[in-house]
Structures are given as structure tokens and as C-alpha cells.
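Here the structure is laid out as C-alpha cells; the discussion comes afterwards.
Protein chains: 2
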Amino acid sequence: MDTKLCTSNGSCSGPVSVNHLEMASSGAGQSLLTTVDPPHQTKKANVPTKRRGFRRCKTAPLVVPDMNGNNEKLPCPESVNFGMLHSHLRWVPVYLTVYLVLGTICFSMVEEQIKGKKTNTFLDSLYFCVVTMTTVGYGDLVPGSNLSKLLACGFVLSGTTLGGLIVSRALLMNQNVGPSDILKEIETNKVRRKLFVVSILLSVLFLIGHIVLIFVEEMSFVDAFYCVCTTITTLGYGDQSFTSKGGRFFAIFWILTSTGCLGQFFIYIAQLSAQKRQRALVEWVLTRKTSRLDLEAADMDDDGVVNAAEFVIYKLKEMEKINQEDINQVMKEFEELDVDQSGTLSVSDINLAQSSSTKM
Amino acid sequence: MDTKLCTSNGSCSGPVSVNHLEMASSGAGQSLLTTVDPPHQTKKANVPTKRRGFRRCKTAPLVVPDMNGNNEKLPCPESVNFGMLHSHLRWVPVYLTVYLVLGTICFSMVEEQIKGKKTNTFLDSLYFCVVTMTTVGYGDLVPGSNLSKLLACGFVLSGTTLGGLIVSRALLMNQNVGPSDILKEIETNKVRRKLFVVSILLSVLFLIGHIVLIFVEEMSFVDAFYCVCTTITTLGYGDQSFTSKGGRFFAIFWILTSTGCLGQFFIYIAQLSAQKRQRALVEWVLTRKTSRLDLEAADMDDDGVVNAAEFVIYKLKEMEKINQEDINQVMKEFEELDVDQSGTLSVSDINLAQSSSTKM
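Residue numbers (UniProt numbering), protein chains in the order written: chain V, 1 to 360; chain X, 1 to 360.
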């Protein structure tokens, strides 16, 4: 019997002779003697060898031709395509630009209704938009009429909704990873490296803001530090803010990047902590001793032995990657498909299931 | 042979007589004749029927006695215990109280260094703490000395860090659910109901804030609306804020609950959207036609038929619940345990694995 021998990284090393000798295969104490030749001994075919090859490189087929040769596998619906989600996030800079352009146009039109120190209509409107959208809200420029107040309300409500959705979606999207992805990410220190880069960027932005406030806005050392802190955290008391043309121009870019950076910083911190937790669980599951009671619990079909798929399900359940409800759900479909109720699916089951569904 | 019969919701209906008659159990097309009597027919034992019973209620045993009778299953490490995470979140009100009490004491001590309209030392300090911690930052009370400015910096930096970690942890924690949990949650409209409750609460808080600002702070209708919007979103320009004793006392509770509510509102919106996406994927996987190519791809051990566990793994992979890397990781352990390399684990494998590890 020829099967493929696949290494643990998923690559297959060609056909290997496998011979199964089943002896006394009944009850719990069942013992199976099988032999497998290592790949370099493939010449010695028909010599009983021990290893049984598992096909690990298989994934769901892209298209499945049915009995008439038609491709019957439906495409995955767009609403569930995670690639779509990624591309949604890729649109964030576009949303942001449209949002700020619309806001700037609106506030430029009601500029005379805005109270506070003015420098340039366009610059002040854009600065007001950024300070409002990021919820810094210094209060150095405030709407002075009912119309401009309502406009500011609409602008900040829609802005925080957009921001809240983007941040939470980014957080949830990054959670769509398996325990192995997490191990890999930890191994390559991917998240830790990202966190390091964001921390450096945040420090640089902090420093640049501090320097600009001292030299352009002519603040004292402590006042500049205080203004940076109250801005990055979006606190924005407003007793210290950007009042010059140059300062406001700088503020537009600096506030957007530094508040965004701090948000990203928290996202990475949370991911790192979640990954550490999940990594500890995966390691514990994979390193603890397997006992006879484990075997009994893992034996789904009660045949006295645990096959590879049963073992995988048992371990993934222990890793809290899947749960019994997930399995029950799929088992319902399995039992419907298993027309001859043999406990296994074969081509005849599929043909029977299809012909019976055609008749109905 | 007696086993438990379990329903798809995981409950077991007591011992049921099961009879396995294995016939021609080699190669492809393997057929197993087993019998499971439904609970009400337990009297008619030994009458061969066709359905094979799958034990669905099994979970990992709590303790596993080894060959010497010692309990060898290690307890799950605390760092990976998701119950711990829940209890961490349960401590949030305690953290919040300690944080606000410490902040109020600090700012009470430097109260004469804080500029703005004062009402009562304790009340103003607590109000200043809440306005700072939530990053509303009206600016009606601002630190007027270097010491108080640095204190405010430390307070807002630690507060936003704490808040950011709590929110992101709450978001990530709620993602630790399987596709079936998600289906159940959707079916029972759990998240939708939570979202509905939070929306109602948010509307009530909005209305109460509006009314208090009109009657206690004597604002106009539009100004009160504007102040509510700028506060809930933590914008806080500060041109409209709480200036009276009663207003500030109300503000302490109102700002904390309304900003918290808005955050929770966004968390539920994000969860609902993630669940809808995952639900669509699960439904698509469970309803699409299974073909012969699917069977071939699902057959992990290449024996020509797909057993229940193989089918479950194939479908969960398609649901993006698990991936090939997860499976490979567990398969490494399986191959180490499968000492006789039979492709299945039996008690003799476990004994061999344990004796060989003892020798080493």
C-alpha cells in the first residue's frame, strides 16, 4: 500500500511503502503492529515497515467538479471574506481625508461664527476639525452660534463613531489567528517588534511636539511637556494650545499621528498580553503527559483506539480553540451525510445523499 | 457494552446498551455495524440496529491518576485561565475607586494651585479628577503651577493607560468564543439585546444630562445639547461646562457612566459585526454540498473513508476556526506518542512512551 510521507512542515517526500499488520484489534487494550520505511529506504519495497503517512498538505479544494463535470463549490460569500476586512482598513486614510475635507469646508463657511484667536480661515478650520475629531477639544477655538454648535456636535459624534469602529475592528480582526500563528508571532517577536517601533515613534513624536511648543509657541519646558501630555491623551484642557500659524499647521499633522500612535500602542499591548496567555495554554496542552484517561476521553467513536483526527480534536479542545458545540454542529451534518450509518463517509454515502435529496 | 448516549446539546441520557459488530474492517469501504438503543428501548438489547453512537459529552478529565495511582494532570497555569481574566475585569470598579480617591487626595492638597471657578475643595478635586481621567478636559479648572501640571500629566497618562488596557482586554476576551457560541448568541440575540440595553441607557443618560444642564446650569436648549455631545465624546471644549456645586456633583457620576456607556456601545457594535461575518461563514460551510473531492481532502489517514473526527477537522478548517499549522503542531505530539507507529494511539503506546521517557 503506497501513501505519501509528509514532514511536519507540510511537505511530502514521495511514495513510501507502508504495511499494516493488525493483530488482536478488539477492545481497549488493542495493539496494532505496523511498519513504515524511512524515505531513504524506499528501494526495499514490500519489507514490512512501521510508519503510517498522514497527508498534511491537504486543504479544501478550490473547485469541486460534480458528477456532470460542473464546478459545484460555491464561492465564499463576500461578507465572510477576511481579506475584505483588511481592505476595509486599507480605506481608513481615504475616509479620514474625505471626513477632514468635508469638515474643513463646512467650518470655513461658518468661520465668522467661531470664537477664539484666528490666524487663517482654511488653516483654522482644518485645525478645529482635527482638534474636534480626535476629541482633544482644547477650546481655544469654539463654535459661537447655534448652527456652528450643532455642526460641531454632528462632526464629533460621527468622528468618534468612525474612530471607535476602526479601532475595535482592527483589534477584533487581529484576533483571527490560531494558536500556531500566535506561537509563530511570538517566536518571531512580530508583535513585540511592532510594539517597539510604535514606542520609538511615540517617543519621537513626544519629543518633536515638546521642541516645537518650546521654540514655535514659546512655552516653558514644563508647560510644553504638559501641553504634549494633555494633547496626546486627547485631554485638551486648552489653557496651553497652538496659537501661531506655524504651530497650528504643525498641530494638524502632529495631533493626528500622535493620538493614532497612542491608540496603536494600546492595541499592541493588549495583543501581546492575549498572545502570552494563549501561548501558555498551547504549551501546557502540548507538553503535559497523555494518560490512559486522556485516550479514553479522546476516543470519539469508542473503537478502543485514538486515531490522528480524534487526537487533534481532543487537543484543540483542550487549547480552547474549539468546543463541544462546534463539534456537535458539524456532527449533525456528518450524520445526515452518513446515509448507510456506518460511522464513516464514503463515495457511496455521498451518491446516496445526493440521489435522495434529488428525489425529495 | 454500556456507554452514555448524548444529545447534540451535550446532555447525556444515562447508560444505553451499545453493541459493536465490526465486519470487514480493513481498507476502503470499511463498514462498522454497531447498535445504539434509544433510551426508551433499552429493554431490547442485542437487537442489531445500524446507527453508531458518538460520545459527545466527553471533555478532558479533571485529574488523571498515573500507573502508581498519583494524579498526574497538572493544573492549568493561572496565566492561561480565562476565568482569571474575567475576575481581572471584575476588579475594574475597585481600581477606579482607588484611582479616584488617590487623585482626589492629591489634587485637594494642591487645590490653591488650581485655577478656575471653585465651589468646594473636595467636590472640585473629584470633579477635576473625573474630567481629567475620562479625557473630557473642559479646562474650566486647570493646574496653575508646575507641580500641579506634572501631577495632572501623571494622572492622565496612567488613567488613559488603565482605560485603554481595560477596553482592549474586554474586547479581546469576548472574542474567545467558538462559531457555535456565536450562532447561539445570534440566535438568542444576546449581543443584540445587550446593544439595545446600552443604547437605551445611553439615550436616558443623554436626556438626563440635557435636562440637568438646562435646569441646574441654566443653559439654553442648544447649549445643553452641545455640552452633552462634547462631554460624552470626551471632546470637552470647556466653553460650556458644570459650574455650580449641584452640577459638578451630578457631573462626577454622569460623566463616568455616559463615557463608559459610549465605549461599551462601540464594543457591542464591533462584536455584532464580527459575529455576523463569522455566522455567514459557518452557515456557508455547513450548508454547501459535500462532494467526492471534499471526502478525498478530508481523509487524513488515506484509508479511503472519512471518519467522524476527520470530517469535523475538515469542516472546522473550512470555517477558519482552526488551520493546518494547528493540526501539524498536535500531530507532532501524536507521532511521538505513537511509539508502535500504527497510526492510532492505544494504551500500549502510552505505556511504551512513558517507559522510554523514564529510561532517558
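Note that the Cβ used here is the ideal one computed from N, Cα and C, for glycine as well.
Neighbour-count burial assignment, residue i, 16 or more Cβ in a 10 Å radius
i	result
Arg90/V	exposed
Ile269/X	buried
Asn328/V	buried
Thr59/V	Any answer about Thr59/V is weak, because its pLDDT of 43 lies below 50 and its placement is not dependable; what the coordinates show is given next. It is exposed - the Cβ of Thr59/V has fewer than 16 other Cβ atoms within 10 Å.
Asp349/X	buried
Asn71/X	Legend: pLDDT at Asn71/X = 41, less than 50; position of this residue unreliable, value from coordinates given subsequently. Exposed is the call here.
Arg253/X	Reading off the sequence shown, one finds Phe at residue 253/X, where the question assumed Arg. Exposed, by the Cβ-count rule.
Thr97/V	exposed
Arg169/V	buried
Pro93/V	exposed
Ile166/X	buried
Val101/X	exposed
Ile105/V	exposed
Lys117/X	exposed
Phe215/V	exposed
Gly343/X	buried
Lys332/V	exposed
Ser355/V	exposed
Thr160/X	buried
Close-in-space but distant-in-sequence residues of the same chain around residue i (CB under 7 Å, 5 per side omitted)
i	result
His210/V	Ala224, Phe225, Val228
Ser108/V	Thr121, Phe122, Ser125
Arg192/X	Leu272
Glu217/V	Phe242, Thr243, Ser244, Gly247
Thr188/X	In this prediction, Thr188/X scores a pLDDT of 47, lower than 50, which makes its location untrustworthy; no coordinate-derived value is stated.
Arg277/X	none
Tyr237/V	Thr230
Val347/X	none
Closer than 7 Å at the beta carbon, the chain X residues around residue i
i	result
residue 361/V	Limits of chain V in this structure are 1 at one end and 360 at the other, which puts residue 361/V out of reach.
Ser168/V	Leu171, Phe266, Ile267, Ala270
Thr344/V	Gln30, Val305, Val306, Asn307
Cβ neighbours of residue i in the same chain (closer than 8 Å, five flanking residues each side left out)
i	result
Lys245/V	Thr119, Asn120, Leu123
Asp299/V	Val305, Val306, Glu310
Met219/V	Leu213, Cys227, Gln240
Glu318/X	Val285
Phe265/V	Leu195, Val198, Ser199, Leu202
Phe334/V	Leu345
Asp294/X	Tyr314
Val110/X	Pro143, Ser145, Leu147, Ser148, Leu151
Leu162/X	Tyr95, Tyr99
Phe250/X	Val212, Val216, Phe242
Contact set between residue i and chain V, taken where Cβ atoms lie within less than 7 Å
i	result
Asn146/X	Val222
Asp239/X	Gly139, Val142
Thr160/X	Thr233
Leu337/X	Thr290
Chain-order list of residues whose beta-carbon lies under 6 Å from that of residue i (same chain, five-residue window excluded)
i	result
Asn351/X	none
Phe155/V	Gly103, Thr132
residue 362/X	In this structure chain X extends from 1 to 360, so residue 362/X is not present and cannot be described.
Thr135/X	Thr234
Ile302/V	The sequence given here has Asp at residue 302/V, not Ile. Excluding positions up to five away in sequence, the list is empty.
Leu262/X	Ile232
Interface partners of residue i on chain V, CB under 9 Å
i	result
Tyr226/X	Pro143, Asn146, Lys149, Leu150, Ala152, Cys153
Contact set between residue i and chain X, taken where Cβ atoms lie within less than 9 Å
i	result
Gly164/V	Leu262, Gly263, Phe265, Phe266, Ile267, Ile269, Ala270
Leu100/V	Correct list: empty, because the minimum Cβ distance to chain X is about 16 Å.
Ile255/V	Those do not exist, as Ile255/V stays about 13 Å from chain X at its closest Cβ, beyond 9 Å.
Beta-carbon neighbours of residue i, restricted to chain V and to distances below 8 Å
i	result
Lys321/X	Lys321, Ile322, Asp326
Gly246/X	Here the premise fails: no neighbours, minimum Cβ distance about 23 Å.
Val156/X	Cys229, Thr230, Thr233, Leu235
Chain X residues whose Cβ lies nearer than 8 Å to that of residue i
i	result
Lys315/V	Val330, Glu333
Any non-hydrogen atom of the ligand GDP closer than 7 Å to residue i Cβ
i	result
Asp299/V	For the structure depicted, the ligand GDP is absent and the ligand set is empty, with no information on it obtainable.
Completely contained alpha helix (DSSP H) runs for the region 93-139 of chain X, where each covers 4 or more residues: 121-133
Residues, ordered as in the chain, of the region 285-301 of chain X that lie near chain V by beta-carbon distance below 7 Å: Leu286, Arg288, Lys289, Thr290, Ser291, Arg292, Leu293, Asp294, Leu295, Ala297, Met300, Asp301
Contact list for the region 105-138 of chain V against chain X, Cβ threshold 7 Å: Thr132, Thr135, Gly137
Selection of the region 192-207 of chain X by Cβ proximity to chain V, strictly under 9 Å: none
Ranges of the alpha helix (DSSP H) found wholly within the region 257-344 of chain X, counting only runs of at least 4: 292-298, 308-318, 324-337
The region 207-218 of chain X: positions lying closer than 7 Å to chain V by Cβ: none
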